[in-house]
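Worksheet: the structure to be examined is printed underneath.
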Amino acid sequence: MSHLLDLKGIEKHYELGKTTVTALRGVDLQVERGEFTVVTGPSGSGKTTLLNIIGCLDRASKGSYVLDGVDVSERDFDDLAEVRNQKIGFIFQSFNLIPVLDVAENIEFPCAVRKNPEDAKKLRARVNALAKRVGLEPYLRHKPDELSGGQRQRVAIARALITEPRLVLADEPTANLDSTTSEAIIDLMLELNKEQGVTFLFSTHDPRVVKHAKRALQIQDGKIHDGAGH
Amino acid sequence: MSRLPALAARNVGRNGRRSLITGAAITVAVIMVMLLKGFVSGAAGLMVADVVEGRSGAIQVHKKGYVDSIESVPTRLNIPYTPELIAKIQAVPNVKGVTGRIVFNGLVGNGSTQTMFIGRAIDLERETQACPRAKSTVRAGGEPLSPGDGAHVLIGYELSESFGWAVPPPLPPTDALLTTSAAQRGALVAGSIAEWQAKASAKRHTVSVQSTSPAGRSNAIDLEVKGYSVSSMPFENKRVLTVPLATAQALIDLDGRVTEYAIGVEDLGHLEETKLALQAALGPEFEVHSWHELNTFVRDVINRQNIVFSAISMVLFIIALTVIANTMLMSVFERVREIGTLLAVGVRRRQVLQLFIIEAAVIGLIGGVIGAAVGRFALFVIATIGIPIEMPGTSGHALLQPSVTLPFVIGAVIAAMFGALAASALPARRASRLNPVDALRNA
Ligand SMILES: Nc1ncnc2c1ncn2[C@@H]1O[C@H](COP(=O)(O)OP(=O)(O)OP(=O)(O)O)[C@@H](O)[C@H]1O
Ligand SMILES: [Mg+2]
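Chains as they are written, first to last, in numbering that gives the first Met the number 0: chain E, 0 to 229; chain H, 0 to 442.
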């Protein structure tokens, strides 16, 4: 079977007036199913840029990208809405929950906006199970602004997993959390990786987080250096 | 998709103050449009009532060709005034009352000066059946004609002024009428009349009236002035004489004949059907016209009022839409990161567009419904109290009772909703076109 992610010669250039900023200069990267990978690198090295391309939020200027057997490098943004919805879960640095929806509604949101949403009762049962798994069972009816940062990120994790995606992308998921909470969140992600076999790929600055990863990638000057994790 | 309308509805309550401002803009616009419309149609109603019930009747019948040459007051185009013909007209559905008239012209003099007049000869037994308010258009200080009158005449009050005769006093100041109760108003008016009557000489004036029969025979009679007629049309106050039908028939040799039938109807809403039925019943030697064909002046005034109303409504509408577009744009800016999140989890751009449009439509609908309710209530209160207004030239007691029809109210609410929807189109488009990467970077 092919790799889950297969990136070849990915380049990303930003045109800024007359000058061109190069964020990625020829990234080759393969990620297998079930991996737990972190991407590190100094600020401005291109971590976010890479994750955005992998998440089908942005297009590479050059190179090819095959996600779960689908060549997505030539397809446009709206065309990829379904791919994002079904194959990818997103966890953001600043949680990005929808403020008017409660915890349960936030978790089920990616499934609820589908063209043919599954039966509401079945969906709710899955939401409840997932909420229980991430420790949010007592908070299902709470609004995001009634939760702590760590709790919000747990909601985001549950939201990323509700679609049973191939891949969960997290751009600096612990940057807005204190160190104890960060550890707990990383532990949770590791456990879910082990239990459910979901592939995790995330970026971080935090060395304490890096030490948990099975595989650590270093980005420097827009190029990837693969280094073994623990 | 299924989740989005609910999400849009909840977003309405999210920034309460902003939704409130947007909704209030719509509410105020709807209320103002309704009040405006209420007053315009109330005033139009008064004018129509003045014309239809006080002057022309709802429908008139003439000899074929009469209206085309109406300027020359063609008494030769006369028609029989018989019980059979009256019964035939009366038998048409929706007809309430019928009367016959002669419109003629000639010279009127007070012994020293002479001037042209337009004469209206009315059947005193029947006139109020066709025009129930015909009586009330006589100014204080005189009396209307009544059945049994013969050599009597009402003259336009401005005509009487030109003869140098005592003129009825002005009514009490309008603000006094506005601030006092109905009983007090009546007393004030009665007081003025009594004062004038005391001053006026006891003797009645006499005029000499001269006219020509259709055959060309000239004739003159003296008539006693019984009262001073007033009309909302200035021309009539200067030129019009009202006499009993028989007097005119004798003066211009038209025994048993009239130049027009005036007809009152039960329901003005079915005027056209009634008109057609009358034409069918009477046959081709007669022509049948409705009040607005005969009173183009009134029709034009009403049309002009409606144009002004439409223009003002349009301005109000545009202001309200600008407010909506602005606040919608603000909320798009505020939610940039959220929009990025929606796009990331697979919400399509079209759905983001819908999200904002539905939000605006909900605000428009709520604002519109509140506006309609408040406007309707305000109109109800104002109409219950009534606003005394002075129609030009009339006795001044008219009560303006503004009102709007239910279809108009529903139309206003629908317009508010679709207006809000249209105003949100650009901000919503902007939201749906956001670049997700930039949107998510937005802190
Ligand atoms: N929209 C853009 N326009 C121009 N340049 C951009 C844009 N986005 C990113 N860049 C540039 O691309 C490079 C990589 O940025 P990126 O955000 O991927 O770095 P990062 O590793 O995520 O940094 P950080 O750790 O601070 O989040 C930087 O030099 C940045 O200035
Ligand atoms: Mg970054």
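Built from N, CA and C at the ideal position, the CB exists for glycine as well. All values derive from a computational prediction rather than experimental measurement.
DSSP, reduced to helix, strand and coil, places H/M115 within a strand of the structure shown. Rounded to the nearest whole angstrom, the CA to CA distance from H/G263 to H/W290 is 10 Å. Under the criterion of beta carbons closer than 8 Å, H/A150 and H/T246 qualify as touching, at roughly 7 Å.
For the region 102 to 190 of chain E, the continuous beta strand (DSSP E) assignments of 3+ residues that do not extend past its boundaries occur at 166 to 170, in sequence order. Residue ranges of uninterrupted beta strand (DSSP E) with 3 or more members, entirely inside the region 232 to 285 of chain H and ordered along the chain, are 239 to 243 and 259 to 264. For H/F332, the secondary structure class from DSSP, reduced to helix, strand or coil, is helix. Contact annotation: H/N109 and H/V72 have beta-carbon atoms that are not nearer than 8 Å. Between E/V112 and H/V346, the C-beta gap is smaller than 8 Å, which places the two residues in contact. Neighbours of H/G345 in chain E, taken as residues whose beta carbon is under 9 Å from its own, are L79, A80, E81, V82, R83, N84, Q85, I87, P109, V112, R113 and T162 in chain order. Between H/K62 and H/I78, the CB-CB gap stays under 8 Å.
Counting the other Cβ atoms within 10 Å of the Cβ of H/R100 gives 16 or more, which makes it buried. In this structure, ligand 2 has a non-hydrogen atom nearer than 7 Å to the beta-carbon of E/T47. When 8 Å is used as the limit between beta carbons, E/G54 is near these residues of chain H: A343, in chain order.
Residues of chain E with a Cβ closer than 9 Å to the Cβ of H/R432 do not exist; the shortest Cβ-Cβ separation is about 11 Å. Residue state for H/S207 is assigned as strand, using DSSP reduced to three classes. E/F76 reaches chain H at L342, R348, N434 and P435, counting residues in chain order whose Cβ is nearer than 9 Å. Around E/N175, no beta-carbon contact reaches into chain H at under 8 Å, the shortest distance being about 11 Å.
Remark: C-beta atoms of E/G40 and E/Q217 approach each other more closely than 8 Å. Burial check for E/T198: the Cβ neighbour count within 10 Å reaches 16 or more, so the residue is buried. At a C-beta separation below 8 Å, H/N10 has these neighbours in chain E: V99.
In summary, no residue of the region 255 to 275 of chain H has a CB separated from any CB of chain E by less than 8 Å. Distance from the Cα of E/V154 is smallest, within the candidate group E/L200, E/S1, E/L100 and E/F201, for E/L100. Excluding residues up to 5 positions away in sequence, P401 lie with their Cβ nearer than 6 Å to the Cβ of H/F38 in the same chain. For H/G226, the enclosing beta strand (DSSP E) covers residues S217 to S228. Scanning its chain for C-beta atoms nearer than 6 Å, with the 5 sequence neighbours on each side dropped, one finds around H/I301 the residues A43, in chain order. Remark: three or more beta-carbon pairs, one from each stretch, lie closer than 8 Å, so the region 81 to 93 of chain E and the region 59 to 69 of chain E are flagged as touching. Interface criterion not met: the Cβ of E/F35 is under 8 Å from no Cβ in chain H. E/P143 is positioned such that its CB atom lies no closer than 8 Å to that of E/N175. Under the DSSP assignment, H/D437 falls outside any beta strand (DSSP E), being part of the alpha helix (DSSP H) whose first and last residues are P435 to R440.
For H/L364, not one C-beta of chain E is nearer than 8 Å to its own C-beta. At least one heavy atom of ligand 1 falls within 7 Å of the beta-carbon of E/G40. For the pair of segments examined, the region 29 to 40 of chain E was found to touch the region 200 to 213 of chain E: the number of CB pairs separated by less than 8 Å reaches three. In this structure, H/F355 places its C-beta atom within 8 Å of the C-beta atom of H/P426. Counted as a single uninterrupted DSSP element, the stretch harbouring E/F94 is not any alpha helix (DSSP H), since DSSP gives it neither H nor E. Of all residues in the region 398 to 429 of chain H, none comes within less than 9 Å of chain E when Cβ atoms are compared.
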